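Enquirer: Chains as they are written, first to last, in the working numbering: chain S, 297 to 704; chain W, 15 to 278.
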C-alpha cells in the first residue's frame, strides 16, 4: 500500500534482563553486553494501515496487543524493526491520564492538549468545541475532583478527539459513561473516518470489530496469526479461545470463498445440518417469516457426561441475529454413550430481513464453550432469506407492523 | 541534541503550564499553600539561629549587623534549598511520571525542564522572603545582588547535571533515591552553611575544597551578606565542571530513554 499512514516492518520488542544493572549502564556507552534473559513480546510483525482504513486488533491476554499499541504510539521503543507513521496519532487508551484533580476542567484541557503537543493558540481555537462536546455545562470551570467519573471521561474524550488525527487508536475498554455519550463518541469516530482518519481498534467484542472494521489482525504469542476479513478473523479468534490441551483447530475455504473455522476436541461432532420447510423439503432459500425446521444430527464419538447443543444465526457481517443452546432451554443430555447419535429439531419462523445468513453450531458441556469444547463449527450452514410475500422493508429483523394512517 | 531542543521549544507551552499547574495544586491542597515552600527553610534558619547565633556571631568579621549570623544562614540556605529541591525532583522525575510516560507519548526531555522550572519558582519566593526579612533587620539589598542570576545559573547547572544523572539511574536501581537521602544530609554538613569555612582546620578545609557546593554557597554568601562580588576563578571552574556534568547526564539520558519505559 503506497498510501499507508502506518507502516510496521519487522517489528520486534524484547524486554531485557541484564542480571546486573551495571551491565545495562555499560551498554549505553557502546559496550557489547549480552542480556541474561530476553523476553520477546512482539516478534517480527509486518503490516500496513491505509488512509481511512479501519483495523481491528484481537488476541488473548498476553498476545501482545498493548505492547503493539505502545510501540505504535511510540511510548515504547522497538528492539528491532520500525514503525513508520505518516501523520498524527491520537490514542483513546487511557482517558483522563494526567488530569489533575486540583485544576478545573478547562485548565486540565489546556494541560492535556499541551501534552499532546498543541500550542496555546490551537487549544484556544478548539476550546469552544471541546466545551460544547463534553456537555458538562458549568462544571467545566469547576475542579475536576468534584466531577463524577462519567464527567471526567466526557472531558477527556472531548480533548482526545478535539483535533482530527490521521490515526485514531481506540481501546475496547472505551467506557465513556452513559449510552447517550457513547453514541456521540462513536458518531465522532465515524465522522473522523469519513474524513480520512484511519482507525485501530483493540477489542474482544466481535460485533464492534465486525461493524466498524474493514480488516482484522489476530495476534497470538506476539506474532500475527491471521490478517484479513474481520468475520473470518473473529471466527478464528473464537476458536482460539476455545482451544484447549487436546483440542485442535482447522480452517478451510468453503465454495463461496469464506473461511470456515472448526475447532474442538471432536468427542462429539455435528454430522448433518439442514433446514426443512413445512412440506419436508430441504431448503436454502426461505421467504421472510416462513416457518422452518433446523435439523442437526450429532454423533458422540466417545462417552460424554453432559451434552449441550448451541447454535447462532449470524448475518453476512457476522453479527449475531439469534442464538441459544439446550442448556438455556433445559434440555441437557446426560451420560451420552460413545457412538450414539442425537437428532435435534428446532422449529422457528424466519423473522429475518433479506440477505444471507450463516449458522454456527457448538457442542459443549455447559452454557459456554470455554469449559469443554467438543466442537465449534462456524458457517455450519448458509441460507438466504428473500422477501416474496411482504411489503418492502429494510433491516435484519422482521418485525411486522400494523400501521394506521389517519389524516386529521 | 538539536532534536531535544526543538521538542522543548515545541512543548514550551506545556512546560510552562505544567509549572503553573504544580504551583496551583500546591496552593489548592493546603491552607498555607505555597507558603510552605518558604516556611520550611526559614524555620530551619530560625532553629539554627536560635541554637548557634551566640557561638557563631563572632566568626563573621566585618559585619556589624546583630543579625549577621541569620543573614549568613539565609544566604546559604537559599542556595542549598535550590540545590536540594532540584536534586530531589530530578531523582523522582521519571519514577513519578512513569505512568504518564507509559501511556502517552511526549518528549521526555520536557520533564527535567518542568522540574527545574518548578524548583526555580519556589526558590524565587524564598528569595523574595529573604530580601524582605533582610530589609526588616536592617540589611538593605546592594548592587552585588546582580551577581545572583549567574550564581543561580551555576547552581542549576550543577544540580540538574547531578540530579538528572541520578534520576535516570534511579529508574533502574531504586536504591539510588534512598542513598541520596542520606548523602544529602551528610553533604549539608560538609558545606559551610551553618558554620563558616574560617573555623575549619586545614585538613577538613581541603576536603570541602572538593565540594562544588562550597563555591556556590560561598558565592551566595559573598553577594547577599558581604555585598561583594563572588570569587570568580573558583566559580568559573565550578561552572565549567557543572556544564560538563550536565552534558554528560543529557547523553546518558538520551541513551537510557528508550529502555526507561521498559522497566517503569
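Each residue gets a CB set at the ideal place from its N, CA and C atoms; glycine is no exception. All figures in this text were calculated on a predicted structure; none of them were measured in a lab.
(1) Does residue 424/S come out as helix, strand or coil in the three-state DSSP assignment?
(2) So, at 6 Å on beta carbons, what are the nonlocal neighbours of residue 323/S in its own chain, with the 5 sequence-adjacent residues on each side left out?
(3) What residues in the region 360–376 of chain S have a beta carbon less than 8 Å from any beta carbon of chain W?
(4) In chain W, what lies closer than 7 Å to residue 415/S by C-beta?
(5) Rounded to whole angstroms, how far is the Cβ of residue 91/W from the Cβ of residue 58/W, which I believe are closer than 8 Å?
(6) Whose Cβ in chain W lies nearer than 7 Å to the Cβ of residue 396/S?
(7) What span of residues does the beta strand (DSSP E) with residue 645/S cover, start to end?
(8) By the 10 Å Cβ neighbour count, where 16 or more other Cβ atoms means buried, how is residue 54/W classified, buried or exposed?
(9) What would DSSP say about residue 273/W, mapped onto helix, strand or coil?
(10) Which one or two residues does DSSP pair with residue 534/S in a beta bridge?
(11) From this set, 346/S, 325/S, 334/S and 299/S, which residue's C-alpha is nearest residue 313/S's C-alpha?
(12) Could you pull out every unbroken beta strand (DSSP E) segment of at least 3 residues lying fully inside the region 562–635 of chain S, listed in chain order?
(13) Can you look up residue 383/S in the DSSP assignment and give me helix, strand or coil?
(14) Roughly how many angstroms separate the alpha carbons of residue 264/W and residue 363/S, rounded to a whole number?
(15) What is the rounded straight-line gap between the Cα of residue 673/S and the Cα of residue 558/S?
(16) Once DSSP output is grouped into helix, strand and coil, what is the label at residue 479/S?
(17) Residue 362/S lies in the alpha helix (DSSP H); which residues open and close that run?
(18) Helix, strand or coil for residue 650/S per DSSP?
(19) Going by Cα to Cα distance, which pick from 276/W, 242/W, 29/W and 274/W is closest to residue 131/W?
(20) Specify, as a first and last residue, the run of the alpha helix (DSSP H) that residue 450/S falls within.
(21) Taking only the alpha-carbon atoms, compute the straight-line gap between residue 107/W and residue 417/S and give it to the nearest angstrom.
(22) Could you give the DSSP three-state label for residue 541/S: helix, strand or coil?
(23) Going straight from the alpha carbon of residue 60/W to that of residue 138/W, what length do you get?
(24) Who are the neighbours of residue 24/W on chain S, taking C-beta pairs under 9 Å?
(25) I want to know whether the region 518–535 of chain S touches the region 620–635 of chain S - three or more CB-CB distances under 8 Å.
(26) Go to residue 117/W, then tell me how far its alpha helix (DSSP H) extends in each direction, as first and last residue.
(27) Where does residue 193/W land, buried or exposed, given buried means 16+ other C-beta within 10 angstroms?
(28) Given a cut-off of 8 Å on the beta-carbon distance, is the pair residue 609/S and residue 592/S in contact?
(29) If residue 77/W and residue 239/W are in contact, beta carbons under 8 Å, what's the gap, nearest whole angstrom?
(30) Over the uninterrupted alpha helix (DSSP H) stretch that includes residue 406/S, give me the two end residues.
(31) If contact means a Cβ-Cβ distance below 8 Å, which residues of the region 79–97 of chain W contact chain S?
(32) Taking CB distances under 8 Å as the criterion, tell me whether residue 276/W reaches chain S.
(33) Assign residue 706/S to one of three DSSP states: helix, strand, or coil.
(34) Compare the beta carbon distance of residue 230/W and residue 204/W with 8 Å and say whether it is the shorter of the two.
(35) On the premise that residue 275/W lies in contact with residue 317/S, defined as a C-beta separation below 8 Å, what is that separation, rounded to the nearest angstrom?
(36) Scan the region 308–319 of chain S for residues whose Cβ lies nearer than 8 Å to a Cβ of chain W and list them as they occur along the chain.
Expert: In short, the structure shows the following:
(1) Taken through DSSP and simplified to helix, strand or coil, residue 424/S comes out as helix.
(2) Within the same chain, residue 323/S has close Cβ partners 329.
(3) Residues 366, 369, 370, 371, 372 and 373.
(4) Residues of chain W with a Cβ closer than 7 Å to the Cβ of residue 415/S are, in chain order, 27.
(5) Between residue 91/W and residue 58/W the beta-carbon gap is near 7 Å, inside 8 Å, which marks them as a contact.
(6) Those within 7 Å of residue 396/S in chain W are 35 and 39.
(7) For residue 645/S, the enclosing beta strand (DSSP E) begins and ends at 637–645.
(8) By the neighbour-count rule (16 or more Cβ atoms within 10 Å), residue 54/W is not buried but exposed.
(9) Correct three-state label for residue 273/W: helix.
(10) Per the DSSP secondary-structure output, residue 534/S pairs with nothing in a beta bridge.
(11) Ranking 346/S, 325/S, 334/S and 299/S by Cα distance to residue 313/S puts 334/S first.
(12) Scanning the region 562–635 of chain S for uninterrupted beta strand (DSSP E) segments of 3 residues or longer gives 564–573, 581–583, 587–596, 600–611, 616–621 and 629–632, listed from N- to C-terminal end.
(13) Three-state result, residue 383/S: coil.
(14) Residue 264/W and residue 363/S: Cα-Cα distance of roughly 27 Å.
(15) Cα-Cα distance, rounded: 5 Å.
(16) In the three-state scheme derived from DSSP, where H, G and I count as helix and E and B as strand, residue 479/S is classed as helix.
(17) That run of the alpha helix (DSSP H) goes 361–368.
(18) In this structure, residue 650/S counts as coil in the three-state DSSP scheme.
(19) Measuring from the Cα of residue 131/W, the nearest candidate turns out to be 29/W.
(20) 445–456 is the extent of the alpha helix (DSSP H) around residue 450/S.
(21) The straight-line gap from Cα to Cα measures roughly 28 Å.
(22) Any reading at residue 541/S must be qualified, since the residue scores a pLDDT of 49, below 50, and its modelled position is unreliable; the value itself is stated next. It is coil, neither helix nor strand.
(23) When rounded, the distance between both Cα atoms is 19 Å.
(24) Around residue 24/W, the beta-carbon contacts reaching into chain S at under 9 Å are 413 and 415.
(25) At 8 Å Cβ cutoff, the stretches do not touch.
(26) In the DSSP annotation of this structure, the continuous segment of the alpha helix (DSSP H) that includes residue 117/W starts and ends at 112–117.
(27) Residue 193/W is exposed by the Cβ-count criterion.
(28) In this structure, residue 592/S does not lie closer than 8 Å to residue 609/S by Cβ.
(29) Right, the Cβ-Cβ distance comes to about 7 Å (below 8 Å), so this counts as a contact.
(30) Counting along the chain, the alpha helix (DSSP H) containing residue 406/S begins and ends at 401–411.
(31) Shown here is that no member of the region 79–97 of chain W has a Cβ falling below 8 Å from a Cβ of chain S.
(32) Chain S contact via Cβ: present.
(33) Lying before the first or after the last residue shown, residue 706/S is absent from chain S, which here runs from 297 to 704.
(34) Cβ atoms of residue 230/W and residue 204/W: not closer than 8 Å.
(35) That pair is no contact at about 16 Å.
(36) Correct list: 311, 312 and 317.
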